[in-house]
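**Q**
Residue numbers (my numbering): 1123 to 1434.
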């Protein structure tokens, strides 16, 4: 089963490649009817006519390859959709047992259960770690990443959230999920509430720095400084960077106030992924030593194995 983000990137890439191949075929067709001496693009037309057979074959091969990519990364089959629904039901059931004190009709996105799968290679990473390097300093697509695979409820299912989780340099693992990938259960509580913090544009930041340089502080600059302190404290407590937290605020994503992450193993006892329980209200996941939690997690592991989720 392909992750939605991977599938989307592959389909866009295939569309671009196929479109380029058709443009090339159109140019070849145009060139064959023209004389090199009668056109501004004479040298290019002459070269195209000389290599026309190879160009046609090459374009055809590219189109076939693009179609194969689109076929391999096609939308989920009916069987895959049924399995995804079963996994979602299992996660919703696990969520009810993890958060037994939730009032009725509590929004599902306030208390979530998310499964992240570890992928060795991920080409399209979101959000960007650095503006000039998508994967971050010293990192590359094959560094190892935790990618969102399933989430309880019906909202935020297509989230592109992912965390760096390198096996060669585990100390650089991102987020609470990345720390759990290192092989230990980890919980963070009482995180700063970022709900009322607004994202500031680059022009505001420039203005703020000019005010600081000129030593002309006011209520707005002091409010921004307090926001920065909260964001930096949140980033430090969740093992991520302030830049990523600000990007979440910019995109309107909610930042949980408590997070619990537990490593998941495949059926052959190898590291497979991480399960994360987060809360954006006062109701936290019950203690991992609670018998109810252990039974619920065991049941979930059984269901994930039954649906072949942790077999690949």
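Beta carbons are placed, not taken as given, at the ideal position from N, Cα and C, and that holds for glycine.
Can you give me the C-alpha to C-alpha distance between residue 1123 and residue 1372, rounded to a whole angstrom?
**A** With a pLDDT of 43 at residue 1123, under the threshold of 50, the modelled position of that residue is not reliable, and no figure is offered here.
**Q** What would DSSP say about residue 1292, mapped onto helix, strand or coil?
**A** Residue state, collapsed to three classes: helix.
**Q** Do the region 1210 to 1218 and the region 1418 to 1425 meet, that is, are 3 or more Cβ pairs less than 8 Å apart?
**A** As far as the Cβ criterion goes, the region 1210 to 1218 touches the region 1418 to 1425, which means the pair count is three or higher.
**Q** Could you check how far apart the C-beta atoms of residue 1284 and residue 1303 are, in whole angstroms? I think they sit under 8 Å.
**A** With a Cβ gap of about 12 Å, residue 1284 and residue 1303 do not count as contacting.
**Q** Would you mind reading off the limits of the alpha helix (DSSP H) that contains residue 1189?
**A** From DSSP, the alpha helix (DSSP H) with residue 1189 extends over 1174 to 1194.
**Q** Does the Cβ-Cβ distance between residue 1383 and residue 1287 come in under 7 Å?
**A** In this structure, residue 1287 does not lie closer than 7 Å to residue 1383 by Cβ.
**Q** Roughly how far, in whole angstroms, is the beta-carbon of residue 1410 from the beta-carbon of residue 1381, given that I think they are within contact range, below 8 Å?
**A** Actually they do not touch by this definition, with Cβ atoms about 13 Å apart.
**Q** Under three-state DSSP, which class holds residue 1123?
**A** Note that residue 1123 has pLDDT 43, beneath the 50 cutoff, so the model's placement of it is unreliable and the number below is only indicative. Residue 1123: coil per DSSP, three-state reduction.
**Q** Under 8 Å, with one C-beta from each stretch per pair, do the region 1219 to 1236 and the region 1194 to 1205 reach the 3-pair mark?
**A** They do not touch, by the three-pair rule.
**Q** Judging by CA-CA distance, which residue of 1272, 1291 and 1289 is the nearest neighbour of residue 1282?
**A** Nearest C-alpha to residue 1282: 1272.
**Q** Looking at C-alpha atoms only, which residue of 1430, 1290 and 1358 is the closest neighbour of residue 1390?
**A** Nearest option by C-alpha distance: 1430.
**Q** Per the contact definition of three or more C-beta pairs closer than 8 Å, is the region 1329 to 1345 in contact with the region 1391 to 1409?
**A** At 8 Å Cβ cutoff, the stretches do not touch.
**Q** Let me know if residue 1368 comes out buried or exposed under the rule of 16 or more other beta-carbons within 10 Å of its beta-carbon.
**A** When all chains shown are included, residue 1368 counts as buried.
**Q** How about residue 1244 and residue 1225: are their beta carbons less than 7 Å apart?
**A** Their beta carbons are not under 7 Å apart, which means residue 1244 does not touch residue 1225 by this criterion.
**Q** What whole-angstrom Cβ distance do residue 1319 and residue 1353 have, given they're in contact under 8 Å?
**A** Sure, about 7 Å apart at Cβ, within 8 Å.
**Q** If we require 3 or more residues per run, which beta strand (DSSP E) segments fall completely within the region 1304 to 1331?
**A** Qualifying beta strand (DSSP E) stretches, in chain order: 1308 to 1310.
**Q** Comparing C-alpha positions only, which one of 1242, 1212, 1228 and 1247 sits nearest to residue 1236?
**A** When only C-alpha atoms are compared, the closest one is 1212.
**Q** Mapping DSSP to helix, strand and coil, what is residue 1270?
**A** In this structure, residue 1270 counts as strand in the three-state DSSP scheme.
**Q** Relative to the C-alpha of residue 1343, which candidate in 1326, 1356, 1357 and 1355 has its C-alpha closest?
**A** It is 1326 whose Cα lies nearest to the Cα of residue 1343.
**Q** Determine the DSSP secondary structure at residue 1349, reduced to helix, strand or coil.
**A** Looking at residue 1349 - three-state DSSP - the assignment turns out to be helix.
**Q** Taking only the alpha-carbon atoms, compute the straight-line gap between residue 1310 and residue 1355 and give it to the nearest angstrom.
**A** C-alpha separation (whole angstroms): 12 Å.
**Q** Are residue 1181 and residue 1135 closer than 7 Å when you measure CB to CB?
**A** Cβ distance not < 7 Å, so residue 1181 and residue 1135 don't count as in contact.
**Q** Straight-line CA distance for residue 1316 to residue 1379?
**A** Cα to Cα, residue 1316 sits roughly 9 Å from residue 1379.
**Q** Given a threshold of 16 other Cβ atoms within 10 Å of its Cβ, counted over all protein chains shown, does residue 1387 qualify as buried or as exposed?
**A** Its Cβ having fewer than 16 others within 10 Å, residue 1387 is exposed.
**Q** From the DSSP output, in three-state form, read off residue 1144 for me.
**A** Residue 1144: helix per DSSP, three-state reduction.
**Q** Please tell me whether residue 1139 and residue 1156 are closer than 7 Å, where the distance is taken between their beta carbons.
**A** Not a contact, by the Cβ cut-off of 7 Å.
**Q** DSSP on residue 1400, reduced to helix/strand/coil?
**A** Residue 1400: strand per DSSP, three-state reduction.
**Q** With a cut-off of 8 Å on the beta carbons, I'd call residue 1133 and residue 1192 a contact; round off their distance for me.
**A** Correct: roughly 6 Å between the Cβ atoms.
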